[in-house]
Amino acid sequence: MGRQEQAETAPARAGSDERALYERMALIRRFEETLLELFAAGELHGTTHTCIGQEADAVGVIACLDPDRDVVVSNHRCHGHYLAFTDDVDGLLREVMGRVGGVCGGKGGSQHLFAGNFYSNGVLGSTVPLAAGMALAEREKQSDAVVTVFVGDGTLGQGVVYESLNIASLWRLPLLVVVEHNGYAQSTPSVLQLAGDVEARARAFGVATSRHDTTDVLRVRSAAREAVEHVRSTGTPYFLVLDTYRFSPHSKGDDFRDPEEIAARRLRDPLTVAAGLVGDEERDEIAEAVERRVADAVQEALAAPVATTVAAAQ
Amino acid sequence: MTMRCGQALNAALHEIFERDERVYLLGEDLLDPYGGAFKISQGLSTRWPARVLTTPVSEPSIFGVTAGLALRGYRPILEIMFGDFIALGLDQVVNGIAKFRAMFDDRVTVPLVVRTPMGARRGYGPTHSQSLEKLLVGVPGITVVTPSECHDLGAMLTEAVADDEPVFFVENKVMYGRPNRRPEEGRVGELACHEREGRYPALTFSGNGFGPAEATIVTYGGMLPVALDAATELILEHEVFTEVVALGRILPLDLEPVLESLGRTGSLVTLEEGTLTGGVGAELAARVQAEAWSDLHGPVRRVATRDGIVPSARSLEDEALPGVEDVVAAVTALERVGG
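Residue numbers (this note's numbering), protein chains in the order written: chain Z, 30 to 343; chain X, 118 to 456.
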């Protein structure tokens, strides 16, 4: 697998400096674009939900977490979170491609990932009580860990989210709920599925909350830092709403949004916003390095045997 | 002195809590003096206040919270007040608890126990009297344990908590108040009783010391006394000997004790308190005909609750539920027995 080798050549873990933030976002972007290309080329089976346009959320929030201690629970749109938390390009790519070396042996696929302190699952909302239970476990262990669960605005339609906010507040659980509010639940715009005030939903349970309309990774990081510090220092939950936008379709080709709307939002592309974090030359270097890393991973994955239970038994 | 089944479960919970500090209990109305709606959790919150979490009325969430605890190193027990309410938590069961181990490539376990009472005959009506374990039997990845009043309830619950697989421990509300009638010297009352090995053993009963018999009645949980009464009546009124198998586990289905008894009897009647269609009896019939076709003298007969609701009025409830006479009728109708 050469994961060790990669760790040496890979960018330093996000959070160590601003270049790393940019680098990590560029990696996620290229990874997701590559998946869509592979689907178009017929190399991928199944489905995927890419996070193109939302990279600042994953990178900015996870830069505030410690992967050795903290726990992340993600959803169907989990690749950015996974890569920001683990830097495991090979394991994820092979998982999505159903090849030997996939992080879950090809059984989980795109939306069901587990590695270290990272978990994802595909049914919206179901992850919030799961994360609350994990936060309870960490509280009882006195590990000082923060459990972060990423949801989207679509998930706010699930009743179990509110049951779990109630429990997290009542039991004082170290739970950070990050709402990546991209304005759409699959194809349905927020105006057709969300009433009232999103933050007020958390406030009703006595959960601290803030909302940030930004695709600036530095601003996301500073908002997340405040949220994480709140959870760690008080041991109580926090509800962080990040207004964002996804440029890519919900999954592969199912996009009926107005192209003008998407074009307007592209002006706030997190990679464009963050371009100033690195010099022009550095930016080209990063683009090349990321391109090479993902392309190599694809070549190796294509050469790897397909996942079978027979191989696992040998 | 024989304990009542409810007391046996309560005593076991106290021992389990004493032995393993990773064990937590979650559920509704658990705190003393209430101690859970059926009092099975009584005393625990007084002795271990930090490990007994009385929850809001939020089944969809507390199934998930319990799973989160289990994934992160604890051994939680979730008490669901009425078995009917598992319907509220099924997403967590079907799309999470049952799948995590397999879909995360066998690198996690979800060692939790869901304890819940099923069953009728208390007049609680259509939404508080069902036996829904057949819904769980269609969910690969969980274990469904079905203790009866003749099982070692404490040992089975202890095994369930020690089990690395998620276990549904299906209790029965009528059973709680009945004595835990353990076999003594190979007998329960007038019947010979053979207890098999294993975590969740099956019990096999015979009215003639495992001599020649005409049919095997396979059942589990709260229906065991009905099966045993039927077996006794068949001897006394019809001079027909049967064997009764009480399964300790219905998922994965424990077929071996059924096949063994069937080898002696050649006929099978299944008995369950859930509704007929798509029930445990259907699965048993399908497997038995595939495994032991040549042992069978005729079709498998199923006795179950009538498809429909469990009504509230006692008279109507009795009509819907399978009773001793239904089992006797099913056995006497078997071709070999002369029906």
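Beta carbons: idealized from backbone N, C-alpha and C, even for Gly.
Going by beta carbons, V397 of chain X and Y337 of chain X fall inside the 9 Å limit. Rounded to the nearest whole angstrom, the C-alpha separation of A279 of chain X and L229 of chain X is 9 Å. In this structure, DSSP gives N127 of chain X a helical state, which the three-state scheme calls helix. With contact defined as three or more Cβ pairs closer than 8 Å, the segment 150–158 of chain X and the segment 130–137 of chain Z are not in contact. Its chain contains T336, L388, P439, G440, V441, V444 as the residues whose beta carbon lies nearer than 8 Å to that of V343 of chain X, once the 5 sequence neighbours on both sides are disregarded; these appear in chain order. Within a 10 Å sphere around the beta-carbon of V174 of chain X sit fewer than 16 other beta-carbons, which makes this residue exposed. The Cβ of V132 of chain Z sits closer than 9 Å to at least one Cβ of chain X. Within chain Z, the residues whose beta carbon sits less than 7 Å from that of F221 of chain X are C133, G137, F143, listed in sequence order. Taking R168 of chain X as reference, the option from X:S158, X:S378, X:D208, X:V140 with the minimal CA-CA separation is X:V140. X:E176 is the residue among X:R189, X:E176, X:G190 whose C-alpha sits nearest the C-alpha of E196 of chain X. For the segment 143–165 of chain X, the set of positions with a beta-carbon nearer than 8 Å to some beta-carbon of chain Z is empty.
Our two residues, M340 of chain X and S384 of chain X, have alpha carbons roughly 19 Å apart in a direct line. Under the three-state reduction of DSSP, C80 of chain Z is assigned to coil, being neither helix nor strand. For G190 of chain X, the chain Z residues whose C-beta falls within less than 8 Å of its own C-beta are A166, K170, listed in chain order. If you draw a straight line from the Cα of C107 of chain Z to the Cα of F202 of chain X, it comes to about 31 Å. If you look at H241 of chain Z, you'll find it in the beta strand (DSSP E) that goes 237–242. For the pair T184 of chain Z and H78 of chain Z, the Cα-to-Cα distance works out to about 15 Å.
For V375 of chain X, the closest C-alpha among the options X:L413, X:L353, X:E356 is that of X:L413. A Cβ-Cβ distance of about 14 Å is found for the pair E276 of chain X and V261 of chain X, leaving them out of contact under the 8 Å criterion.
Every unbroken stretch of the alpha helix (DSSP H) spanning 4 or more residues and falling wholly within the segment 170–250 of chain X is given here in chain order: 176–188, 203–209, 217–220.
DSSP places V361 of chain X within a strand segment (E or B) once states are collapsed to three. Along the segment 208–236 of chain X, the positions whose C-beta sits under 7 Å from a C-beta of chain Z are D208, Q209, N212, G213, A219, M220, F221, D222, R224, V225, read in chain order. Taking the Cα of R304 of chain X as reference, the smallest distance to any Cα among X:A187, X:Y191, X:H268, X:V287 is reached at X:H268.
Pairwise C-beta distances place the segment 332–339 of chain Z out of contact with the segment 299–314 of chain Z, as fewer than three of them are shorter than 8 Å. Assigned with DSSP and collapsed to three states, G315 of chain X falls in coil, not helix or strand. Pairing E314 of chain X with V90 of chain Z, the inter-Cα distance amounts to about 52 Å. Under the DSSP assignment, H259 of chain Z falls in the alpha helix (DSSP H) whose first and last residues are 246–263. The Cβ atoms of V207 of chain Z and D99 of chain Z do not sit closer than 9 Å to each other. Taking a cut-off of 8 Å for Cβ pairs, the segment 157–164 of chain X and the segment 197–216 of chain X do not touch, as fewer than three such pairs fall below it.
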